[in-house]
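Its first residue numbered 61, the sequence shown is counted upward by one per residue in this note's numbering. Backbone N, C-alpha and C fix where the C-beta goes; we use that ideal spot for every residue, glycine too. Since the structure is predicted, the reported quantities are computational estimates derived from the model, not experimental observations. To start, the structure itself, in structure tokens.
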Amino acid sequence: MVRALRIGVTAAALLAVAGASPGVAVAHSRPSALRGVSEEPDGTPLPPGWRLTGEGPAPQLVWRSARTVPMGDARVEFRAGGRLLGVPRPAADGHTFRLPLDGRRTTGLRGLEVWSGGRRLDTRAAAGATSAARLPAALPANGVDPGKPGPYRTRTGEYSLKSVRLPGFSAPVEMRAVVVAPVGTSGGRPLALFLHGRHYTCYKGPDITADWPCKAGTKPVPSHRGYLRDQKLLASQGYLTVSVSANGVNGQDFAAEDGGAQARSSLVRLHLARWADWARHPESAPKAVREAPRADLSRVLLVGHSRGGEGVNRAALDSLTPPPADQDGYHGPVHWHIRGTVLIGPTVFGQNPVPDVPSVTILPGCDGDVSDLQGELYVDGTRAVGNGTALHSAVYVIGANHNFFNSQWTPGQSAAPAEDDFSDDPQHPDPVCGKRAATRLTADRQHRAGSTYIAAAARLFLAGDDRVRPLLDGSGRRAPSADPARVLSHAVGARRSGGFLPDAGVSVTGGRLCAAVDPSPARTCLGTGAKGASPHFARWETDRETGRSAIAVRWTRAGTPARVTVAKPVSLSGAKALALRLFVPPGSRAARLDVTLTDASGKKAKLGRITPAGLPGSERTASYWAQEIRVPLTAAGRAGLDLRSVKSMELTPRSGSGRAWLMDAWGWRPGTPAVRTDALPRVDIGRTTVDEGDSGVRTYRVPARVTGRGGSGQVRVYVIDPATGKAQDRLVTVRPGGQDIDVAFEVKGNTRYGADVSYDVLVKAVRGAVVGSYRGGVTVHDDDPAPTMTVTPVAGEVTEGRTLKWRVSLSEAVDVDMGALFEVAPATAPELSTKDVPASWLRDTTGEKPDPERPLSKVSGFYLWADIPAGRTSAEITLPTVTDRVRESPESVLFRQVDPRTGGPGTGGLELSGSVLDAS
């Protein structure tokens with residue numbers, strides 16, 4: 061038996077598993093062929109494309125897509141009834157995905173869905189509105205344009221060092237990079253390091269794979285060379301730049317629990333360590349580095365694309381507080397200072413951004429890979445976690461896709477095959493992101509916009525030029541170099557204070573406090589009628605989340621205010637404006653809302669009227685994104701409002717009807733303060749695998765480490781029930797060196813064969829803490845020997861029109877469903893053909909038609925399956941035949957057992973052989 065004992069002090073018990081309950085239910089036991097694979101235990105068919113395969117205690121849930129699923133940065137996820145089942149492993153064919161069930165019961169496989177980056181993969185997207193989308197008006201130009209090339213010539217070179225070993229990866233990872241440096245500068249130059257995302261790794265002509273290392277005759281995809289345009293712009297402005305290759309991570313991160321974030325961080329810091337050595341000993345540097353100016357490693361900017369974004373975020377964290385040594389690939393000193401990060405269409409699987417390192421997150425409005433724009437959490441997830449001095453900006457680029465920020469992922473520019481990640485249906489083109497939509501950017505315009513805003517971040521974070529801040533912090537200015545792209549921004553942190561935060565214990569009247577993630581549509585912020593998604597509400601790994609809220613306002617007539625009241629009055633003293641992050645439905649015309657503040661004495665002041673309009677959006681975009689709207693506080697001063705003690709804020713509709721969502725509101729004033737990096741406790745969760753044992757009860761604790769230099773903070777710990785996918789959570793105060801996160805499980809041993817069971821624990825920072833490895837737990841390995849499986853013909857020779865039958869038997873009953881998969885193989889001629897079995901049965905079993913007639917061994921993907929339910933010892937497999945009027949010799953058929961994980965021969969070497977005699 062395994063059950064959770066406590067989180068902090070105690071946690072509710074989880075379901076019994078292993079020895080106390082049937083482990084994995086695989087497929088309903090019935091005398092049928094592959095149809096049994098495509099059904100639940102009660103006979104309910106699985107959706108098209110799904111099946112259950114496997115043998116022994118490692119059954120797999122398999123989904124095959126009719127279309128190729130390109131390798132990308134967002135994780136492919138299997139969900140059932142809205143809950144996360146797990147992250148499947150892709151097959152080399154680009155169509156098939158397999159998830160080991162690890163103790164999960166198939167009775168919970170209702171409502172199967174495949175998701176990636178917030179979009180469904182197993183259904184075609186609904187056709188969007190046919191009306192063309194409208195671009196917002198161009199913003200006023202900023203006084204300084206960071207997209208203009210600087211005065212320096214540039215020089216490009218490469219280096220390749222000895223490959224490195226990273227924890228959890230069997231093959232070494234390359235240490236290769238391209239350097240673009242300014243020519244003619246003096247002194248040390250700030251360093252910008254680029255890290256590409258997860259993409260194909262190897263190619264030959266039109267063929268492309270995810271292999272690592274690359275096979276003979278193929279070449280590595282040069283993804284690291286895809287940012288040369290950005291690098292050359294920065295180098296012309298005096299920055300030293302390096303873009304590192306990470307194919308070795310991309311080819312192996314499918315098995316990493318964190319999606320490869322720690323490995324990418326290790327790789328980045330290994331490169332930085334080399335640059336630090338070369339700065340001290342330039343004679344030891346490669347030629348490309350010797351010819352460049354010396355790197356000033358006290359000023360480092362990290363730029364990461366997609367999973368590279370999550371990787372550089374982790375590298376920034378790991379540079380402040382080291383990760384556990386057994387998880388890390390770099391163990392040396394930190395001789396660099398990361399001043400900021402730029403994250404382009406990033407993943408954020410852990411949803412734990414670094415709060416005290418400034419960041420700019422670029423959100424592509426037509427992202428077809430990380431399409432939920434989960435990178436918004438690098439902004440929202442920092443609120444109240446750190447000290448608030450770091451600016452965290454989100455930059456929304458209307459009409460940009462995911463791939464075209466990298467020229468090596470762009471058709472017509474790349475060495476290897478590439479594609480537009482926003483796949484469009486020619487019959488129903490997307491009104492916002494279709495290739496011919498007026499709102500869609502060309503590859504050249506998109507990359508130019510990206511270069512400009514990367515340069516803006518470099519100028520603000522490395523050069524300290526506050527004149528570019530209005531491009532990034534929601535001040536409503538544009539960089540002409542990025543024209544005609546429409547680029548919007550909002551931010552938190554820096555000189556914002558006195559926030560109205562939905563998660564800070566506010567009360568709401570005239571609106572509702574809604575949940576970002578909840579299984580009940582009535583409690584969620586968007587509900588069921590939304591056409592599209594919101595980056596602010598991107599899902600994590602739990603069915604509900606505590607502490608992620610917004611304020612939803614709906615009105616049907618003007619004049620009824622929505623009031624937000626804080627538990628403790630906030631101070632807006634010294635602020636110049638109230639900055640609201642608020643959105644209305646995509647495509648909607650401007651709403652009219654009056655904004656009013658009330659102080660603790662009850663005095664009110666109307667600040668002014670705001671007119672938020674919807675972004676261009678469709679059902680396939682994440683366009684419910686908050687724009688920053690500022691209302692001057694001058695009216696409050698005239699009215700004598702005590703801005704040191706503000707109690708409530710009202711939004712009063714002045715338009716007839718509408719909807720709006722408020723993410724937060726802050727006192728704002730211009731400027732970029734010096735960033736203060738506090739010594740925050742760091743939490744890392746590990747995983748331990750234990751044997752079940754033959755007897756007795758043992759207690760095992762989830763490895764949880766809290767490190768740091770002092771202080772305390774708060775995290776929220778989630779324990780996931782593997783049977784239901786539901787989470788229990790508790791707020792825990794952590795201190796360095798403490799054992800505050802105490803999650804334990806009791807394991808009861810037995811001698812019955814069963815399934816491995818994994819219990820997952822997730823952690824998210826709440827206040828005054830940071831999280832590195834956010835995911836771990838205890839995996840209970842069943843260590844009992846498997847029973848012997850045999851095959852006996854029940855009706856191995858029949859006349860045509862009758863059914864062949866075989867019995868698959870176990871030497872003893874066990875606690876899990878046992879399965880065996882058999883693949884058709886060439887038999888002694890003449891063979892049974894496609895017209896010797898019922899046409900409907902052939903279609904249901906294989907998806908194939910009888911014509912043209914061919915031997916069954918020539919039918920691709922033809923499998924028979926046996927499932928023996930827990931507690932039973934046998935099951936039958938059947939193959940029906942039909943009577944024809946052709947006089948013929950006896951015909952034969954043969955199936956051989958295969959390993960569903962490898963496609964190779966099964967360990968048992970079992971066979972199903974049969975003969976069919978002529979009925980005449």
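At the C-beta level, D427 and N461 come within 8 Å of one another. Contact annotation: D738 and G446 have beta-carbon atoms nearer than 8 Å. Between V831 and K824, the CB-CB gap stays under 8 Å.
With contacts defined as CB atoms closer than 8 Å, Y513 and A542 qualify as a contacting pair.
In the structure shown, T269 falls within a strand segment according to DSSP collapsed to helix, strand and coil. Collapsing the DSSP output to three states places F229 in coil. Rounded to whole angstroms, the gap between the alpha carbons of K918 and V757 is 52 Å. In this structure, I928 and L870 form a Cβ contact; the two beta carbons are roughly 6 Å apart against a cut-off of 8 Å. Taking a contact as a CB-CB distance under 8 Å, the pair R719 and V613 counts as one, their CB atoms being some 7 Å apart. DSSP, read as helix, strand or coil, puts K292 in helix.
Excluding its 5 nearest sequence neighbours in each direction, A627 has C-beta neighbours in its own chain below 6 Å: G565, listed in chain order.
Of the other Cβ atoms in all chains shown, 16 or more fall within 10 Å of the Cβ of V644; this residue is therefore buried.
A straight-line Cα-Cα distance of about 41 Å links G674 and Q312. Beta-bridge pairing by DSSP links W925 to L881.
Separation of V655 and T183 (C-alpha to C-alpha, rounded to the nearest whole angstrom) is 42 Å. Cβ-Cβ separation between A316 and G228: approximately 6 Å, consistent with a contact (criterion under 8 Å).
For A829, the secondary structure class from DSSP, reduced to helix, strand or coil, is coil. The alpha-carbon of G141 is positioned some 19 Å away from that of C585.
Contact annotation, V233 with V224: C-beta distance approximately 6 Å; criterion of less than 8 Å satisfied.
Inclusion of P796 and G768 in the CB contact set at 8 Å is warranted, their separation being smaller than that value.
Listed in chain order, the non-local C-beta contacts of R704 below 6 Å within the same chain comprise S631, S633, local neighbours out to five positions each way being set aside.
Leaving aside the five residues that flank L970 on each side, the residues in its chain whose CB is nearer than 6 Å to its CB run, in chain order, V851, Q957. Relative to P282, the option among P847, N466, P540 whose CA is nearest is N466. The residue from A651, V394, K279, S230 with its alpha-carbon nearest to that of W721 is A651.
Between A576 and A551, the CB-CB gap reaches or exceeds 8 Å. Counting only runs that start and end inside the stretch 828-909, the alpha helix (DSSP H) elements of at least 4 residues fall at 899-906. The C-beta separation of A725 from F560 comes to about 4 Å, placing the pair in contact by the 8 Å criterion. Sequence-distant partners of T616 (beyond 5 residues in either direction) whose C-beta falls short of 7 Å from its own C-beta, in its chain, are S717. Put simply, of D526, K865, A885, L954 the residue whose alpha carbon is nearest the alpha carbon of A935 is K865. Around G534, the same chain offers S549, H550, A551, A639, E688 as residues with beta carbons nearer than 7 Å, after the five sequence neighbours per side are excluded. Taking the C-beta atoms as reference points, P250 is found nearer than 8 Å to L522. In its chain, beyond the 5 residues on either side, A241, P242, T245, S246, G247, G248, R249, L300 have a beta carbon closer than 8 Å to the beta carbon of P353. Assigned with DSSP and collapsed to three states, E343 falls in helix. Three or more Cβ pairs closer than 8 Å define a contact, and the stretch 197-208 falls short of that threshold against the stretch 324-341.
Nearest C-alpha to R599 among R143, L112, A126, P130: R143.
By the 16-neighbour rule on beta-carbons within 10 angstroms, L221 is exposed.
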